[in-house]
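Asks:
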């Protein structure tokens, strides 16, 4: 997404402190123009500090101001904007200093918009974008270059569908969503019935995909349409890149999922879950609200209790020792039995 | 893939029973117009029952008819279409009630078809599709919006190449194939020879990709061209989304593979295999016919005996206990040796 | 990438021997026209031999000549080009026999190039490619069909951006790079700060992506832009298909990574590393130069010593025995304690 590279006039520290409810230590009239890392900052930059690993960067920063918590303010060699929630305040400040460019209303001469599509006059449809018959784009929608919007799809106000992404027929997207390049929403689910000879008969995929409001979908992520009912992604969900969401999956509000997760058909994931990279969830499994899953976990049973779960990840070792340990895995059951025997005879 | 949303006139239960070799319990002249889930059905819908988990939905369904097996017919509160194979029969019925729209013959004004391509008059080439010189599209082919077909590629009759997918030069696709959005067929294989200084020299990838008939390729799946000979996907193969097929891989007829599998170069997979999500197969490995692989398995040795195999997946636990167990994995070989010592001394 | 299918005049074995520093056994004036596998070769082909598994193919090859090492020359039934490094020599020979077609200078009538882009007259911009304002294409660049190049992106000389790939705003690509179809360079990093209610606030992603020279990026691979500083891919790096590179990752020169790797934000990977398929690297982790990672390894701690590492992969077994062993994993810590108790009491 293109943003202004910096804020031309800049904002004063006192304005920032007031708007983001920070305590200011430093010159109220000083101005910052851009957000930077501690190490890359100059006097016109505002940075933030959160992670102890960057303490040396804090001590030597050349930033105009640093957003950080009270407990670290003493380490800050420059102006400080003090808040209990530095990361979130930084997000807001960075948004103000580097505003998203609004869509430039209009349909590019090299785009294709069906005469039977409904496109609000405030939308931007970029070169090479294709909007099919029956599709609806609400106000302020942006369709990026070479993105496609299928028949009867509906894109809610202020959503942005970036370059080369595919919104298939009948998919509905809420307001203020962001779909990154190469994402596919509404491909057929993987439904096949075998015949006696082992040949596959395709099960027609008749549902759609529905995204709530404020959803972000990562680059090259794929979300399959439902077989009969819809695949549903709740408000505020964040999906990273290269994730697969199977048909009829339901994901609750404000759940976030890191790259490479594979969610099989009809799984149901609760609200506010935090799912790390490369997690797998088996088909028809339900996961309750407020679950944390560590990287690589495979969920094959329902989770009914909020909490943090892990599995399928074992420590990295040098190959020689890993090889010995991994080989023993095949004898783990036998080993248990041998220990049981020893216990009985001792 | 766009289908008619429902069958306008509807089909009578007696027609369905006859055509799909079902036993009918109920009013022969009643008509159904659409396929639905048990829960979402109304009197104009036909649903199916297979999975015990949905028994309550069966008991309370409002469907016009349900396709199910003899053993569950007594539980069905509405008309029943009885068959030993409800899932496959449902697929056929759903296909009739929600027909795929045939391609609308013609080349869109915003498509680009090389004067040196051969495109049958019955094909549909959508807006933004690019068909290069020397490419051949047989009868009834559909090329979706912004899909690209490279030089000398050949697409067999009635195949559908959906939006934003890429068919590279020299790739051949059989009849009635379905390639989902964002799939890439024929990217270069990953062939690199290191020099003494650790720099990589690219190995030219001179083979192609050949798909048989009735193959389905999932969204954003990638299939690399062969280095010297071709990468070959057999008739009736089903690949889900986000799968990687390396150069010179051969996949036998009617094998199905779920999302996220990574098949390294020159692996050879047999016929009628069923491969679950996120399975990995090492390079140059051969797997025989009729093998089932559970999710996450990594295959580093040949499989010569049909059967079901698994590995690399360990149970999900709460993080605290997982952490203790995973840490012990590094001492598994040592533990075996300790047990051996105890056994000797006991 | 399209190459000439073969070399029309052919090259003599003496030319090849001289140019690639091989010892020739055979007729110096014999000509070869194409590179082939041992099994698929005819008298006009040159093949290579490396892997013992193909010894029977060597013994029965119909090739005009075979590139191989001294130690196998005696097994070669035809002319031999002898070198200590057959694979790399073969790469060079194949390149000469099947030359990459140079870009055909010009902008296709169905491409869109902003009046404010700078495109060298030697570049080829294919049908449907979109080049935005402020983008720069240096000499000899190829932009494939339906690929997009965003504002202020810079593509170095002789780089090739293939079909349907996306280069986002501000991304810089060095010389002689190759970006395969569907790759996405410069999507937003996954940066989200939670508020008290569990809602996510997006962290603006203000950095870019920088690729060095001679980098190859696989099909449908995604590389996120940095949050504040850039994501950096060093010279000569090779990334296979379906890889995710998070924001602010840095990858050192000549590192190669196989398909499906997931590299989390701010990880730093050294030079000349060789990373197998489906490896995961946690955020903010540093890996030194010359590290080898076996398939599926998850790196959650820094690696400071060159060497080969593995983890998270356990042997494949038949499902029945795997199930027993995997179930025991949950009791591995308890088992250690039981063994400790036995040792104490013995």
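Residue numbers (my numbering), protein chains in the order written: chain A, 1 to 346; chain B, 1001 to 1346; chain C, 2001 to 2346. All residues carry an ideal CB built from backbone N, CA and C; glycine is no exception. For clarity, every value in this text was computed on a predicted model and none was experimentally measured.
Which bits of chain C does residue 88/A rub up against, with CB to CB less than 8 Å?
Replies: As a first step, residue 88/A is located in the first chain; it is residue number 88 there, counting from the start. Going along chain C in sequence order, the residues near residue 88/A (Cβ under 8 Å) are 2193, 2194, 2195 and 2201.
Asks: So residue 1270/B and residue 1208/B are supposed to be a Cβ contact under 8 Å. How far apart are they, rounded?
Replies: Taking the first residue of the second chain as position 1, residue 1270/B is located at position 270. Taking the first residue of the second chain as position 1, residue 1208/B is located at position 208. That belief does not hold up - the Cβ atoms of residue 1270/B and residue 1208/B are roughly 22 Å apart, past 8 Å.
Asks: Taking all protein chains shown into account, decide if residue 2325/C is buried (16 or more other Cβ within 10 angstroms of its Cβ) or exposed.
Replies: Locating residue 2325/C in the third chain gives position 325, counting from the first residue. Buried: at least 16 other Cβ atoms inside 10 Å.
Asks: Are at least three pairs of beta-carbons, each pair with one atom in the stretch 1297 to 1311 of chain B and one in the stretch 1277 to 1289 of chain B, less than 8 Å apart?
Replies: Yes: the two stretches touch, three or more of their Cβ pairs being nearer than 8 Å.
Asks: Give the range of the alpha helix (DSSP H) segment to which residue 2013/C is assigned.
Replies: Here residue 2013/C is taken as the residue at index 13 of the third chain, counted from 1. Residues 2013 to 2019.
Asks: Do residue 2303/C and residue 2291/C have their CB atoms nearer than 7 Å?
Replies: On the third chain, residue 2303/C is found 303 positions in, with the first residue counted as 1. On the third chain, residue 2291/C is found 291 positions in, with the first residue counted as 1. Yes; because the gap between Cβ atoms is below 7 Å, this pair is in contact.
Asks: I'd like the span of the alpha helix (DSSP H) that includes residue 237/A, first residue to last.
Replies: The residue given as residue 237/A occupies position 237 in the first chain. First-last for residue 237/A: undefined, no H or E at that position.
Asks: Going by beta-carbon coordinates alone, are residue 2117/C and residue 2145/C separated by less than 7 Å?
Replies: Position 117 of the third chain, counted from the first residue, corresponds to residue 2117/C. Position 145 of the third chain, counted from the first residue, corresponds to residue 2145/C. Their beta carbons are not under 7 Å apart, which means residue 2117/C does not touch residue 2145/C by this criterion.
Asks: Would residue 307/A pass as an interface residue toward chain B - the criterion being a Cβ-Cβ separation below 7 Å?
Replies: In the first chain, counting from the first residue as 1, residue 307/A sits at position 307. Interface residue, yes.
Asks: Closer than 7 Å, Cβ to Cβ, to anything on chain C: give me those residues from the stretch 254 to 278 of chain A, in chain order.
Replies: Listed in sequence order: 254, 256, 258, 259, 260, 272, 277 and 278.
Asks: Which residues in the same chain have their Cβ closer than 7 Å to the Cβ of residue 1312/B, if we skip the five residues on either side of it in sequence?
Replies: Your numbering for residue 1312/B matches position 312 in the second chain. So the qualifying residues of the chain are 1296, 1297 and 1298.
Asks: Listed in chain order, which residues of the stretch 2313 to 2324 of chain C have Cβ atoms closer than 7 Å to some Cβ of chain B?
Replies: From the stretch 2313 to 2324 of chain C, only 2313, 2314, 2315, 2316, 2317, 2318, 2319 and 2322 have a Cβ closer than 7 Å to chain B.
Asks: State whether the stretch 1325 to 1340 of chain B contacts the stretch 2316 to 2336 of chain C, with contact taken as three or more CB pairs (one from each stretch) at a distance under 8 Å.
Replies: Judged by Cβ distances under 8 Å, the stretch 1325 to 1340 of chain B makes contact with the stretch 2316 to 2336 of chain C, as three or more pairs qualify.
Asks: Whole angstroms is fine: what's the gap from residue 1267/B's alpha carbon to residue 1246/B's?
Replies: In the second chain, the residue the question calls residue 1267/B occupies position 267. In the second chain, the residue the question calls residue 1246/B occupies position 246. C-alpha separation (whole angstroms): 8 Å.
Asks: When DSSP builds the beta bridges, which residues end up paired with residue 130/A?
Replies: If you number the first chain from 1, residue 130/A lands on position 130. Residue 130/A pairs with 112/A and 148/A.
Asks: Which stretch, first to last residue, makes up the alpha helix (DSSP H) that contains residue 1338/B?
Replies: Taking the first residue of the second chain as position 1, residue 1338/B is located at position 338. Run containing residue 1338/B: 1332 to 1345, per the alpha helix (DSSP H) assignment.
Asks: Give the residues of chain A in contact with residue 1056/B, contact being defined as C-beta atoms less than 8 Å apart.
Replies: Counted from its first residue, the second chain places residue 1056/B at position 56. Going along chain A, no residue has its Cβ under 8 Å from residue 1056/B, so there is no contact; the nearest lies around 15 Å.
Asks: Taking 7 Å as the CB-CB limit, is residue 2222/C close to chain A?
Replies: Walking along the third chain from the start, residue 2222/C turns up at place 222. Yes, because at least one Cβ of chain A sits closer than 7 Å to the Cβ of residue 2222/C.
Asks: With a floor of 3 residues, list each beta strand (DSSP E) that falls wholly inside the stretch 205 to 279 of chain A, ordered by position along the chain.
Replies: 209 to 211, 222 to 224 and 231 to 233, all fully within the stretch 205 to 279 of chain A.
Asks: Are the C-beta of residue 2169/C and some C-beta of chain A separated by less than 7 Å?
Replies: For the purposes of this step, residue 2169/C is taken as the residue at position 169 of the third chain. So, interface residue.
Asks: Taking the continuous beta strand (DSSP E) assigned at residue 24/A, which residues delimit it?
Replies: Against the first chain, residue 24/A aligns to sequence position 24. It spans 23 to 25 - the beta strand (DSSP E) in which residue 24/A sits, taken as one unbroken run.
Asks: Kindly give me the distance between the Cβ atoms of residue 1200/B and residue 2238/C, rounded to whole angstroms, as I take these residues to be in contact under 8 Å.
Replies: Working through the second chain from its first residue, we reach residue 1200/B at position 200. Working through the third chain from its first residue, we reach residue 2238/C at position 238. Confirmed, Cβ separation roughly 5 Å.
Asks: Is it the case that the Cβ atoms of residue 2012/C and residue 2041/C are separated by a distance below 7 Å?
Replies: Your numbering for residue 2012/C matches position 12 in the third chain. Your numbering for residue 2041/C matches position 41 in the third chain. No, Cβ-Cβ distance for residue 2012/C and residue 2041/C is not below 7 Å.
Asks: I'd like to confirm the pairing. Which residues does DSSP put opposite residue 2181/C in its beta bridges?
Replies: The residue you call residue 2181/C lines up with position 181 of the third chain. Note: residue 2181/C sits in no beta bridge, so no partner.
Asks: Out of curiosity, what's the CA-to-CA distance linking residue 182/A and residue 154/A?
Replies: Mapped onto the first chain, residue 182/A falls at position 182. Mapped onto the first chain, residue 154/A falls at position 154. Looking at the two C-alpha atoms, the distance is approximately 19 Å.
Asks: Taking 7 Å as the threshold (beta carbon to beta carbon), is residue 23/A in contact with chain B?
Replies: Here residue 23/A is taken as the residue at index 23 of the first chain, counted from 1. No, residue 23/A lies away from the interface with chain B (no Cβ there is under 7 Å from its Cβ).
Asks: Taking the alpha carbon of residue 2119/C as the reference point, which residue from 2142/C, 2227/C and 2341/C has its own alpha carbon closest?
Replies: One-based indexing of the third chain puts residue 2119/C at position 119. Minimum Cα distance to residue 2119/C is reached at 2142/C.
Asks: State the start and end residues of the unbroken alpha helix (DSSP H) segment that holds residue 1325/B.
Replies: Taking the first residue of the second chain as position 1, residue 1325/B is located at position 325. Taken as a continuous stretch (DSSP letters only), the alpha helix (DSSP H) holding residue 1325/B covers 1319 to 1329.
Asks: Around the Cβ of residue 1034/B, are there at least 16 other Cβ atoms within 10 angstroms (buried) or fewer (exposed)?
Replies: Looking up residue 1034/B in the second chain gives position 34. Buried, since its Cβ has 16 or more Cβ neighbours within 10 Å.
Asks: To the nearest angstrom, how far is it from the Cα of residue 136/A to the Cα of residue 23/A?
Replies: Mapped onto the first chain, residue 136/A falls at position 136. Mapped onto the first chain, residue 23/A falls at position 23. Cα to Cα, residue 136/A sits roughly 46 Å from residue 23/A.
Asks: Check each residue of the stretch 1232 to 1248 of chain B: if its Cβ is closer than 8 Å to any Cβ of chain A, include it; give the result in chain order.
Replies: Here the close residues are 1236, 1238, 1240, 1241 and 1242.
Asks: Let me know the secondary structure DSSP gives residue 124/A once reduced to three states.
Replies: Within the first chain, the letter at position 124 stands for residue 124/A. Of the three classes helix, strand and coil, the one that applies to residue 124/A here is strand, per DSSP.
Asks: If the cut-off is 7 Å on Cβ atoms, which residues from the stretch 1094 to 1124 of chain B count as contacting chain A, listed in chain order?
Replies: Listed in sequence order: 1094, 1095, 1098 and 1110.
Asks: Just how far apart, CA to CA, sit residue 122/A and residue 2186/C?
Replies: By one-based count along the first chain, residue 122/A stands at place 122. By one-based count along the third chain, residue 2186/C stands at place 186. Taking the straight line joining both Cα atoms gives about 26 Å.
Asks: So, helix, strand or coil for residue 2071/C, using DSSP?
Replies: In the third chain, counting from the first residue as 1, residue 2071/C sits at position 71. Residue 2071/C: helix per DSSP, three-state reduction.
Asks: How would you list, in chain order, the residues of chain A whose beta-carbon sits under 8 Å from the beta-carbon of residue 1336/B?
Replies: As a position in the second chain, residue 1336/B is number 336, starting the count at 1. Within 8 Å Cβ-Cβ: 328, 331 and 335.
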